[in-house]
């Protein structure tokens, strides 16, 4: 007997939900955390260049998540910030490529796009309720680039 028939009349629907998930989201985002530049140095080992604040601001966006277009814009903003802080287009390019590959929401990492929400979120805009939850958490405990010092 095929597996879907064991689930009765709605067997295919049950199997689809089992394998695809329901799309339900966490009720609230996790508290904001930042690890600076994740798997990349926060500053130069040989000079005075420091781009940690760029990564911290980028982490706020990654924590919130959103659409693929928003992620692309935030990654471009990181690249521009690193160029502004270091004048190094090469460094900015390397960091940009790193976040484009490593920050995908399809990998269950602590630094993925939308890491403030449960893993199943992927790319989707924040609802009005989710945005208000994010705003409340930020107001309650405002992010500070002090971790970079």
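In the working numbering, the protein residues as written are 156 to 304. Every residue, glycine too, gets a C-beta built ideally from N, C-alpha and C.
### Query
Using the beta-carbon count (16 or more within 10 Å), is residue 182 buried or exposed?
exposed
### Message
According to DSSP, is residue 169 part of a helix, a strand, or is it coil?
### Response
Residue placement at residue 169 is flagged as unreliable, the pLDDT there being 44, under the threshold of 50; the coordinate-derived value follows with that caveat. Of the three classes helix, strand and coil, the one that applies to residue 169 here is helix, per DSSP.
### Task
Report the rounded CA-to-CA distance for residue 205 versus residue 297, giving the unit in angstroms.
22 Å
### Query
Could one say the Cβ of residue 286 lies closer than 7 Å to chain C's Cβ atoms, at least one of them?
Absence of chain C from the displayed structure is noted, only one protein chain being present.
#### Entry: Spatial neighbours of residue 259 in its chain, beta-carbon cut-off 7 Å, leaving aside the 5 residues before and after
267, 268
### Query
Is residue 256 buried or exposed, if buried means 16 or more other CB atoms sit within 10 Å of its CB?
exposed
### Query
According to DSSP, is residue 272 helix, strand or coil?
coil
### Message
Using CA atoms only, rank isn't needed, just tell me which of 207, 222, 213, 232 is closest to residue 276.
### Response
222
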